[in-house]
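Residues 0 to 443, numbered by numbering that gives the first Met the number 0, are exactly what the sequence shown covers, in order.
Here's the structure we're looking at; comments come further down.
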Amino acid sequence: MSEIFVNVPVIKYEGKDSKNPFAFKFYDADRVILGKKMKEHLPFAMAWWHNLGAAGTDMFGRDTADKSFGAEKGTMEHAKKKVDAGFEFMQKLGIEYFCFHDVDLVPEADDIKETNRRLDEISDYILEKMQGTDIKCLWGTANMFSNPRFMNGAGSTNSAEVYCFAAAQIKKALDLTVKLGGRGYVFWGGREGYETLLNTDMKFEQENIARLMKMAVEYGRSIGFTGDFYIEPKPKEPMKHQYDFDAATAIGFLRQYGLDKDFKMNIEANHATLAGHTFRHELRVSAINGMLGSIDANQGDTLLGWDTDEFPSDVYEATMCMYEVIKAGGLTGGFNFDAKNRRSSNTYEDMFHGFILGMDTFALGLIKAAAIIEDGRIDDFVRERYASFESEIGKEILHGTTLQRLAAYAEKLGSTSEPASGRQEYLNGIVNSILFTEVDCPKK
Ligand code: XUL
Ligand code: CO
């Protein structure tokens, strides 16, 4: 098989002083941090759609990058070239996972039976490629937002016929996920929302989405899928209002419909900020509910109000993310770079620069988060902040008491003691001093 990315070597770790554009400065796969290898903390994944598909087309202009990989787009030959390119790309970077939508893999035919036949053919080819490598599927999903039939939603559609097509796609995407050994299956509700309540029965639509998810769980389990189902929350875009607005909303929905045992969250950084939250807020909400599953690693642009899907470069955010992930005991999924090169970064080399940047950013985030935890001042401060609940009256509150008893206690005190400072500036300073000094890897 001929090499596709001929100008790019295998990417190796060379350390922070390296000036080699095709080397990792911080990502050192086998380096042990807090008792685990970096690559175990950070199971990175390639997103089929951005990396092998997106070529720069936006609302105002056409493709700027060539992702034909030497074949005519829209053909099965091209679909196979994408597989070749994807595997060469992952192997050169040492990435062990990929994520896909059904229609990222093959050109969609008019008849779903033909699309499914093509999917069988390409997944056989992918399986062949997987042999003898460590590469596996992280998660699969069905694209239920691009085809015009889904303009009114998929699970939330007003049309029973369209609902059946959504079911058919989910069934096939689950088959493929199992066939390729996927750890998870994602529902991103792209068009599961509304534009106007004047034409929308919100309750009915949400019940129908839940029905579809229940059927997906039943079918998935029946074919041996043991992984997690994920909801990937996003507040808007393409719809004005999407039902899976944020983690708290999605978790409430899952509990309401009895889906919480089978589902977790797939948190995307750019979706968090679109919802008016920080990335770490969404991770914390998921974690404290036992639902932190997987991450779509990217970043937005605070000056733009949409999903720019940039490669992560913000070490502060990555550090805060890794702090949450370590505290939560890791992910059941992984870190999928749901990110694309900027339209003017249009060469094969840029594809690698995007991943090198993202992987190094998360490696640094991991190192620094581990250092913050090992330093201990932040954790100690938080523990100390709630210490009054370890006092006698505090313990009573935690173990059950009455309003009258607490009111009597307050009356006896007459007034409270001085409120304690939250010390935000002091804590920010600790983080900066760890981020911007030569803190090496923790000893453990
Ligand atoms: C869209 C998005 C999707 C999902 C999978 O904003 O993030 O690519 O990750 O459908
Ligand atoms: Co995503």
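Glycine is no exception: its CB is placed at the ideal position from the N, C-alpha and C atoms.
Nearest-angstrom Cβ-Cβ length linking residue i and residue j, presumed shorter than 8 Å
i	j	result
Y218	L291	Their Cβ separation, rounded to whole angstroms, is 25 Å, which puts Y218 and L291 out of contact at 8 Å.
F244	P234	5 Å
F310	A271	Between A271 and F310 the Cβ distance is about 16 Å, and since that is not below 8 Å, they are no contact.
F361	A317	5 Å
A286	F278	That belief does not hold up - the Cβ atoms of A286 and F278 are roughly 12 Å apart, past 8 Å.
D306	L273	6 Å
A246	V284	4 Å
F144	R190	5 Å
G188	Q241	6 Å
L426	I377	6 Å
L330	I294	7 Å
F334	P42	7 Å
D101	A141	5 Å
Exposure label - residue i; buried when at least 16 CB within 10 Å
i	result
K15	exposed
C320	buried
Y25	Tyr is not the amino acid found at residue 25; the sequence shown has Phe there. Its Cβ being crowded by 16 or more others within 10 Å, F25 is buried.
E323	buried
E95	buried
F59	exposed
C98	buried
I222	exposed
Y229	buried
H398	exposed
P8	exposed
K66	buried
A46	buried
F388	exposed
P106	exposed
F444	The structure shown does not extend to residue 444, since the chain is modelled only from 0 through 443, so no value can be given for it.
L197	exposed
D123	exposed
Where the alpha helix (DSSP H) containing residue i begins and where it ends
i	result
F380	R376 to R384
L499	This structure does not reach residue 499, given that the chain is present from 0 up to 443, and the question cannot be answered.
H280	F278 to I287
E127	I111 to M129
L426	Q423 to L434
F228	Counting along the chain, F228 falls outside any alpha helix (DSSP H), though it belongs to the beta strand (DSSP E) covering D227 to I230.
K202	M201 to S221
I466	For the chain, the structure presents residues 0 to 443; residue 466 sits outside this window and is missing.
L258	From DSSP, L258 is part of no alpha helix (DSSP H); its letter is neither H nor E.
L303	Careful: L303 lies outside any alpha helix (DSSP H) and carries neither H nor E.
L397	E391 to H398
Below-8 Å beta-carbon distance, residue i vs any chain C residue
i	result
D83	Of the protein chains in the structure, only one exists, and it is not chain C.
Range of the contiguous beta strand (DSSP E) that encloses residue i
i	result
M264	F262 to E267
K135	K135 to T140
Y408	It is not in any beta strand (DSSP E) - Y408 instead sits in the alpha helix (DSSP H) that spans L402 to L412.
F99	Y96 to H100
Chain-ordered list of residues that sit, by beta carbon, closer than 5 Å to a heavy atom of the ligand CO: E267, D295 and D337
Those runs of the alpha helix (DSSP H) which lie wholly inside the stretch 8-89 and span at least 4 residues: 37-40
Those runs of the alpha helix (DSSP H) which lie wholly inside the stretch 327-383 and span at least 4 residues: 347-374
Continuous alpha helix (DSSP H) assignments of at least 4 residues falling wholly in the stretch 154-195: 159-178
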